[in-house]
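Trainee:
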Amino acid sequence: MTKPAVEGGSPVCASKLYYSHQYIDEADIRAVTDVLKSDYLTTGPHIASAESRLCEVTGAEYAVLCANGTAALHIACMAAGLGKGDEVITTPITFAASANCALYVGAKPVFADIDPKTYNLDPASTEVHITERTRAVVAVDFGGQSVDEDAFLALKEKYGFTYIEDGAHVIGTTYRGRPNGSFADMTTLSFHAVKTITGGEGGAVVTNDPKLYEKLLLYRTHGITHESSLMEHTPDGPWYYEMLALAPNYRITDMQAALIESQLDKLPEFSARKKDIVRRYDEAFRTLPALRVQEETPGSDTVRHLYILRVNPDHCRISRRQFFDAMAAENIICNVHYIPVYYFPYYERLGYKRGLCPNAEQYYEEAFTIPLYYAMRDEDVDHVIEAVTKIARWYQI
Ligand SMILES: *Cc1c(COP(=O)(O)O)cnc(C)c1O
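Counting in my numbering, the sequence shown runs from 202 upward without gaps.
1) With DSSP collapsed to three states, give me the class of Gln597.
2) Starting from the C-beta of Glu443, find all residues in its chain whose C-beta is less than 8 Å away, skip the five residues before and the five after it, and write them out in chain order.
3) Which residues bound the alpha helix (DSSP H) around Cys192?
4) Report yes if the C-beta distance between Ala576 and His275 is below 8 Å; otherwise report no.
5) Hey, would you say the C-beta of Val542 is under 7 Å away from at least one heavy atom of ligand 3?
6) Rounded to the nearest angstrom, what separates Ala228 and Val479 at their Cα positions?
7) State the DSSP-derived secondary structure class of Lys476, mapped to helix, strand or coil.
8) Which same chain residues, not among the five before or five after Thr194, have their C-beta less than 6 Å away from its C-beta?
9) Per DSSP, Tyr263 is paired with what?
10) What first and last residue would you give for the alpha helix (DSSP H) that runs through Glu366?
11) Please state the DSSP three-state secondary structure of Ser391.
12) Cβ atoms of Thr498 and Thr319: under 8 Å apart, would you say?
13) Expressed to the nearest angstrom, what Euclidean distance is found between the alpha-carbon atoms of Asp583 and Ala277?
14) Would the beta-carbon of Gly401 fall within 8 Å of that of Gln464?
15) Could you have a look at Glu531 and say whether DSSP puts it in helix, strand or coil?
16) Under 8 Å between the Cβ atoms of Ala313 and Ile290?
17) Taking the DSSP output, what are the residues bridged to Cys517?
18) For Leu507 and Ile571, what's the separation of their Cα atoms in angstroms?
19) Report, in whole angstroms, the separation of the C-beta atoms of Ala385 and Ile365, which I expect to be a contact under 8 Å.
20) DSSP three-state call for Leu322: helix, strand or coil?
21) Under 6 Å Cβ to Cβ from Glu262, same chain only, skipping five residues before and after it: list those, please.
22) Measuring alpha carbon to alpha carbon, tell me which of Tyr553, Ile453, Leu242 ends up nearest Ala273.
23) Is the Cβ-Cβ distance between Gly368 and Asp342 less than 8 Å?
24) Output needed for Asp483: all residues of its chain with C-beta closer than 8 Å, excluding positions within five of it in sequence on either side, in chain order.
25) Give the single residue among Arg578, Leu460, Phe569 whose Cα lies nearest to the Cα of Lys475.
26) Using a Cβ-Cβ cut-off of 7 Å (strictly less than) and excluding sequence neighbours within five positions of Ala251, which residues of its own chain qualify?
27) Am I right that Cys600 and Ile315 are in contact with their C-beta atoms under 8 Å? What's the rounded C-beta distance?
28) Roughly how many angstroms separate the alpha carbons of Asn532 and Cys256, rounded to a whole number?
29) How about Pro205 and Ala530: do their beta carbons lie closer than 8 Å?
30) So Val406 and Thr422 are in contact, right, with Cβ under 8 Å, and what is the actual spacing, rounded?
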């Protein structure tokens, strides 16, 4: 058997691989530099055109581009009218922003557990946590696979909360043949550099609800409107605008919007390549007793943002930490998505205690993220498969 590098074997690749990397081509560069030569650096023609592309891709009626995915979650919570005394149920296995958005508006995040096979927010655990104060659920399409839309829509019907989908990972994925983005009341997207489609930074909220759309537009820009039909006073003249609510400036630049638009042209290619890599990974890793692969939500045709492996403590002699280090010795720098949000000191100070979500905590002990991105070469994929297999076999029980 081949020795892992930590045991004195040689690493499978000479240069380092990371868990994600953007892909920027000449068309992307041209899209950005064209804007730099134009009249509009911030809100210009690319905002509307990128928004209409997002509507096509997500199947939603309306899209509001904004500064980043966190801003998108914030204005979604504002548009939902959340505030003090309200509870928002979300998953602990996510980036902190999915829970923080409740705190931004004075509401209380409530953590429900994950499904131990798909790692997504478990609808059954969500229902257990519903109280008369529950006003919203923020479900995250973890790693890119759709949440169980049928189950969350049924819960929404039964309890009447605002259903917000944190779709930061989900672009390209479909659920029962429909793109994610048209199921929840609002779906938020992120265009951070590690995500499938990037604007450097960037975000969006997509919705089918014209009332929510109107609010999202307002909350993107200081609560200010130029729309005379929304004004409370008679306009003094053509310069006139009104501030109707208190909100931040969450606008995005036209450079970023142009980059997002240009990247969206490549979404079919990005998706096909990622699916191809995932197929190869699943095939190679599914049969290794030392590891577990993420299982799909029924109905999700997934474009993964993350590829997660879990050590199986019953069949693996080493811990996640040791597996992670053994991968680093092979020059493959993994990551861990995510530390349960309520483990953070800020949340501890708010009174959240360990033990809230046993499946999430067990997941966190075992999970690590291996490289997955469009720009990976076939030999990079081979290297990852070779390294994972080598380590998993060596330490197998
Ligand atoms: C990236 C991410 C966000 C935040 O997006 P930004 O654009 O970085 O603000 C929110 N939720 C999840 C699950 C994410 O992965």
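Built from N, CA and C at the ideal position, the CB exists for glycine as well.
Mentor: This is what the structure gives:
1) Reading the sequence shown from its first residue, position 396 is the one you call residue 597. Gln597 falls in the strand class under three-state DSSP.
2) In the sequence shown, the residue the question calls residue 443 occupies position 242. Same-chain partners within the cutoff: Ile425, Thr426, Leu431, Met432, Glu433, His434.
3) Only positions 202 to 598 of the chain appear in this structure, which leaves residue 192 out of reach.
4) By 1-based counting over the sequence shown, the position of residue 576 is 375. By 1-based counting over the sequence shown, the position of residue 275 is 74. Contact flag unset, no.
5) Summarising the ligand content, the structure contains ligand 1 and does not contain ligand 3.
6) Here the question's residue 228 lines up with position 27 in the sequence shown. Here the question's residue 479 lines up with position 278 in the sequence shown. Cα to Cα, the separation comes out at about 27 Å.
7) Within the sequence shown, residue 476 is the residue found at index 275, counting from 1. Per DSSP, reduced to three states, the secondary structure at Lys476 is helical.
8) It is not possible to answer for residue 194, since the shown part of the chain is limited to 202 through 598.
9) Translated into positions along the sequence shown, residue 263 becomes position 62. Note: Tyr263 sits in a beta bridge opposite Thr408.
10) One-based indexing of the sequence shown puts residue 366 at position 165. Note, Glu366: premise wrong, no alpha helix (DSSP H); beta strand (DSSP E) at 363 to 367.
11) Here residue 391 refers to the residue found at position 190 when the sequence shown is read from its first residue. In the structure shown, Ser391 sits in a strand (DSSP, three-state: E or B).
12) Sequence index remark: in the sequence shown, residue 319 carries index 118 (1-based). Sequence index remark: in the sequence shown, residue 498 carries index 297 (1-based). For Thr319 and Thr498, yes; Cβs fall inside 8 Å.
13) Looking up residue 583 in the sequence shown gives position 382. Looking up residue 277 in the sequence shown gives position 76. When rounded, the distance between both Cα atoms is 41 Å.
14) Counting from one through the sequence shown, the residue named residue 401 turns up at place 200. Counting from one through the sequence shown, the residue named residue 464 turns up at place 263. Not a contact, by the Cβ cut-off of 8 Å.
15) As a position in the sequence shown, residue 531 is number 330, starting the count at 1. Secondary structure of Glu531 (DSSP, three-state): coil.
16) Position 112 of the sequence shown, counting from 1, holds the residue named residue 313. Position 89 of the sequence shown, counting from 1, holds the residue named residue 290. Closer than 8 Å, so yes.
17) Working through the sequence shown from its first residue, we reach residue 517 at position 316. Its beta-bridge partners are Gln597.
18) Numbered from its first residue, the sequence shown carries residue 507 at position 306. Numbered from its first residue, the sequence shown carries residue 571 at position 370. In this model, Leu507 and Ile571 are separated by some 8 Å (Cα to Cα).
19) Within the sequence shown, residue 385 is the residue found at index 184, counting from 1. Within the sequence shown, residue 365 is the residue found at index 164, counting from 1. The beta-carbon separation of Ala385 and Ile365, rounded to 6 Å, stays under the 8 Å limit for a contact.
20) To locate residue 322, count along the sequence shown from 1; it is residue 121. Leu322 falls in the strand class under three-state DSSP.
21) In the sequence shown, residue 262 corresponds to position 61, counting from 1. Cβ neighbours of Glu262 beyond the five flanking positions: Asn409.
22) The residue labelled residue 273 in the question sits at position 72 within the sequence shown. It is Ile453 whose Cα lies nearest to the Cα of Ala273.
23) Here residue 368 refers to the residue found at position 167 when the sequence shown is read from its first residue. Here residue 342 refers to the residue found at position 141 when the sequence shown is read from its first residue. A contact, by the Cβ cut-off of 8 Å.
24) As a first step, residue 483 is located in the sequence shown; it is residue number 282 there, counting from the start. Val494.
25) Indexing the sequence shown from 1 puts residue 475 at position 274. Looking at the Cα atoms, Arg578 is the closest of the given residues.
26) One-based indexing of the sequence shown puts residue 251 at position 50. These residues qualify, in order along the chain: Leu266, Ala458, Ile461, Glu462.
27) Because the chain is modelled from 202 through 598, residue 600 falls outside the range shown and cannot be assessed.
28) Counting from one through the sequence shown, the residue named residue 532 turns up at place 331. Counting from one through the sequence shown, the residue named residue 256 turns up at place 55. Cα to Cα, Asn532 sits roughly 40 Å from Cys256.
29) For the purposes of this step, residue 205 is identified with residue 4 of the sequence shown, where counting begins at 1. For the purposes of this step, residue 530 is identified with residue 329 of the sequence shown, where counting begins at 1. In contact: Pro205 and Ala530 (Cβ atoms closer than 8 Å).
30) Looking up residue 406 in the sequence shown gives position 205. Looking up residue 422 in the sequence shown gives position 221. Not a contact, Cβ separation roughly 14 Å.
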